[in-house]
Amino acid sequence: MIEIRGIRKSYGGVEVLRGINLTISSGEILALIGRSGCGKTTLLRCINFLEEYDAGEIMLDGELLWYRQQANGPRQRASEKELARQRQRMGVVFQQYNLFPHMTALENVCLGPRFGQKVRAEEAERRGRELLSRVGLSERLDAFPAQLSGGQQQRVAIARALAMKPQVLLLDEITSALDPELVAEVEDVIRDLTTENIAMVLVTHAMSFAREIAHRIAFVSDGQIAEIGRPEEILDRPRDPGLKEFLRRIR
Amino acid sequence: MEMTSSDVWVMAHAAQISLALALCSIAFGTILAVLLTPLAFARLAIARFAYRLYVFVVRGTPVLLLALLTFYALASYWGRISPYAAGVVVLTIYLSALFAEIFRGGVLAIPNPLWDSSKSLGLSRRSIFWRVVTPLVARYSLPPYLNVCVMAVKASSVLSIISVWELTFASREIIERTLDVYRVLAVASVFYFIMCFAIDRVGRWMEGRLAAKGFAGEPA
Numbered sequence: 006m007i008e009i010r011g012i013r014k015s016y017g018g019v020e021v022l023r024g025i026n027l028t029i030s031s032g033e034i035l036a037l038i039g040r041s042g043c044g045k046t047t048l049l050r051c052i053n054f055l056e057e058y059d060a061g062e063i064m065l066d067g068e069l070l071w072y073r074q075q076a077n078g079p080r081q082r083a084s085e086k087e088l089a090r091q092r093q094r095m096g097v098v099f100q101q102y103n104l105f106p107h108m109t110a111l112e113n114v115c116l117g118p119r120f121g122q123k124v125r126a127e128e129a130e131r132r133g134r135e136l137l138s139r140v141g142l143s144e145r146l147d148a149f150p151a152q153l154s155g156g157q158q159q160r161v162a163i164a165r166a167l168a169m170k171p172q173v174l175l176l177d178e179i180t181s182a183l184d185p186e187l188v189a190e191v192e193d194v195i196r197d198l199t200t201e202n203i204a205m206v207l208v209t210h211a212m213s214f215a216r217e218i219a220h221r222i223a224f225v226s227d228g229q230i231a232e233i234g235r236p237e238e239i240l241d242r243p244r245d246p247g248l249k250e251f252l253r254r255i256r
Numbered sequence: 754m755e756m757t758s759s760d761v762w763v764m765a766h767a768a769q770i771s772l773a774l775a776l777c778s779i780a781f782g783t784i785l786a787v788l789l790t791p792l793a794f795a796r797l798a799i800a801r802f803a804y805r806l807y808v809f810v811v812r813g814t815p816v817l818l819l820a821l822l823t824f825y826a827l828a829s830y831w832g833r834i835s836p837y838a839a840g841v842v843v844l845t846i847y848l849s850a851l852f853a854e855i856f857r858g859g860v861l862a863i864p865n866p867l868w869d870s871s872k873s874l875g876l877s878r879r880s881i882f883w884r885v886v887t888p889l890v891a892r893y894s895l896p897p898y899l900n901v902c903v904m905a906v907k908a909s910s911v912l913s914i915i916s917v918w919e920l921t922f923a924s925r926e927i928i929e930r931t932l933d934v935y936r937v938l939a940v941a942s943v944f945y946f947i948m949c950f951a952i953d954r955v956g957r958w959m960e961g962r963l964a965a966k967g968f969a970g971e972p973a
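Heads up: the protein sequence lines correspond to chains D and P, in order. Quick note: the first sequence uses the working numbering, first residue 6, plus one each step. Quick note: the second sequence uses the working numbering, first residue 754, plus one each step.
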């Protein structure tokens with residue numbers, strides 16, 4: 006469903022993504038692991054075009070995303086309107102939750118549907134209430150982010166991403182900023198989503214969680230996918246020397 | 754000769770004019786600043802340059818000079834003009850530059866991650882502007898904005914130079930008649946204090962209201 010071909014990206018002369026190729030099928034859960042600075046978060050951000058990439062292409066269901074291909078000319082950035090429409094097919098959850106501090110939990114969740122997808126106010130609110138109760142926050146609809154714990158904020162952020170009814174969910178180290186005792190409540194929410202047929206790409210350091218929910222794990226090293234395979238292959242029978250080293254360090 | 758209670762009434766009336774001038778200029782200055790601020794973030798370099806030039810010139814000129822300049826410039830163009838209208842124009846120009854810089858600071862204070870989440874939700878530029886940027890900038894900008902509003906009341910005294918009859922002008926008239934310098938100036942400063950204090954109270958109340966709506970100072 007998602008096809009990533011030859012993505013390259015450099016920051017000031019340093020190439021952080023050096024030709025990434027990946028195919029993610031619909032409903033598949035893919036975990037990206039790797040040392041910090043290996044490019045996994047950059048890759049995730051490129052998929053949502055929060056980061057522009059220098060070369061390569063990303064297709065979603067056969068539609069070229071973010072750029073328009075000129076007939077034998079250079080590629081051209083899609084219009085803002087196009088970008089917004091394409092982004093609505095994906096949901097992103099960030100490490101630092103990134104909720105809007107001036108809006109209640111419910112308002113945060115309703116914002117995308119209401120003003121991105123132009124859903125009617127009542128419909129957006131109904132969807133918002135449903136999602137917040139699904140992530141266990143039906144009691145905190147009117148709470149502001151500052152009044153919620155980290156775990157609760159992250160669950161609101163997940164509900165906010167789901168409110169767009171995305172085909173793809175991009176999760177960027179969503180439990181890394183949480184106190185250990187709050188990690189489980191967020192992981193439970195994600196576990197609950199695995200039956201939904203939403204493709205997920207998660208950047209994570211939580212190996213046991215990745216092993217449990219991911220269909221495949223990709224080890225990113227030096228801006229390339231060094232090894233990719235089923236969780237038990239990657240975590241128990243690694244072949245790439247860099248991956249072996251990485252796994253030894255984190256254990 | 755001592756100033757009389759009727760002099761105090763005259764000064765109270767003049768204070769109202771000062772306040773009216775300040776409030777009008779604050780209103781127009783805010784509108785102008787809201788239109789100016791986006792230029793600071795425009796894609797077009799010429800727009801950003803125009804913004805910086807405007808702020809640089811207006812902020813770098815003493816209000817007194819700005820007042821004389823505007824008054825004579827307007828007068829030479831239109832012939833006789835009301836000094837009150839000219840006064841509002843002067844203060845509007847002056848305040849718009851200060852407000853625009855405050856709003857620009859407010860936009861810069863929006864944490865990058867919030868731009869990311871706005872974009873990732875597929876919001877249009879217009880929705881991002883109205884739903885995210887405006888409410889946040891309003892909150893970040895309020896304290897320095899009020900600071901400038903208080904300054905506006907005091908800056909209105911400069912308009913006496915272009916014969917705007919306001920509190921400072923009226924005070925000078927009474928001093929010239931009565932020579933009761935200290936008492937007149939004391940009364941004038943009490944009036945200025947009351948006006949500034951009132952603006953401060955209204956501002957605090959607004960800050961309180963916005964804070965009650967869940968803004969804990971530290972965003973995201």
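Just so it is clear, CB atoms sit at the ideal spot from N, CA and C, and this is done for glycine as well.
Min CB distance residue i to chain P below 8 Å
i	result
residue 81 (chain D)	no
residue 191 (chain D)	no
residue 101 (chain D)	yes
residue 114 (chain D)	no
Chain D within 8 Å of residue i, Cβ atoms only
i	result
residue 884 (chain P)	yes
residue 815 (chain P)	no
residue 791 (chain P)	no
residue 875 (chain P)	yes
residue 861 (chain P)	no
residue 889 (chain P)	yes
Residue environment, residue i, which counts as buried when at least 16 other CB atoms sit within 10 Å
i	result
residue 72 (chain D)	buried
residue 799 (chain P)	exposed
residue 113 (chain D)	buried
residue 261 (chain D)	A question about residue 261 (chain D) goes unanswered here, because the residues of chain D that appear run from 6 up to 256.
residue 844 (chain P)	buried
residue 98 (chain D)	buried
residue 76 (chain D)	exposed
residue 760 (chain P)	buried
residue 970 (chain P)	Note that residue 970 (chain P) scores 48 on pLDDT, short of 50, meaning its location in the model is unreliable and no value can be drawn from it.
residue 255 (chain D)	exposed
residue 81 (chain D)	exposed
residue 340 (chain D)	Lying outside 6 to 256, the shown extent of chain D, residue 340 (chain D) is not represented and no answer is given.
residue 945 (chain P)	buried
residue 806 (chain P)	exposed
residue 872 (chain P)	buried
As assigned by DSSP and simplified to three states, the class of residue i
i	result
residue 833 (chain P)	coil
residue 970 (chain P)	Residue placement at residue 970 (chain P) cannot be trusted, given a pLDDT of 48 that sits under 50; the coordinates are not used to answer.
residue 38 (chain D)	strand
residue 68 (chain D)	strand
residue 18 (chain D)	coil
residue 203 (chain D)	coil
residue 77 (chain D)	coil
residue 919 (chain P)	coil
residue 869 (chain P)	helix
residue 912 (chain P)	helix
residue 224 (chain D)	strand
residue 960 (chain P)	helix
residue 60 (chain D)	strand
residue 245 (chain D)	coil
residue 208 (chain D)	strand
residue 83 (chain D)	coil
residue 95 (chain D)	strand
residue 782 (chain P)	helix
residue 12 (chain D)	strand
Residue i: contacting residues in chain D (beta-carbon distance under 8 Å)
i	result
residue 858 (chain P)	The contacting residues do not exist; residue 858 (chain P) stays about 17 Å from chain D at best.
7 Å Cβ cut-off: residues of chain D touching residue i
i	result
residue 878 (chain P)	85
Under 7 Å by beta carbon: chain P residues contacting residue i
i	result
residue 205 (chain D)	In chain order: nothing, as chain P lies at least about 15 Å away.
residue 97 (chain D)	873
Within chain P, partners of residue i - CB distance below 8 Å
i	result
residue 157 (chain D)	Within 8 Å Cβ-Cβ: nothing; residue 157 (chain D) doesn't reach chain P, min ~14 Å.
Partner residues on chain P for residue i, Cβ-Cβ distance less than 9 Å
i	result
residue 105 (chain D)	867, 870, 871, 884, 885, 888, 889, 972 and 973
Below 8 Å between beta carbons is the criterion; list the residues of the region 116-145 of chain D that meet it against any residue of chain P, in chain order. 116, 117, 120, 121 and 122
Closer than 9 Å, Cβ to Cβ, to anything on chain P: give me those residues from the region 59-93 of chain D, in chain order. 85, 86, 88, 89, 90, 91, 92 and 93
Give me the subset of the region 29-63 of chain D whose CB atoms are less than 7 Å from a CB atom of chain P, sorted by chain position. 53 and 55
Closer than 7 Å, Cβ to Cβ, to anything on chain D: give me those residues from the region 891-909 of chain P, in chain order. 892
Mind checking the region 795-823 of chain P against chain D and listing, in chain order, the residues whose C-beta falls within less than 7 Å of any C-beta there? none
Taking any Cβ of chain P, which residues in the region 165-183 of chain D have a Cβ under 9 Å from it, in chain order? 165, 166, 168, 169 and 175
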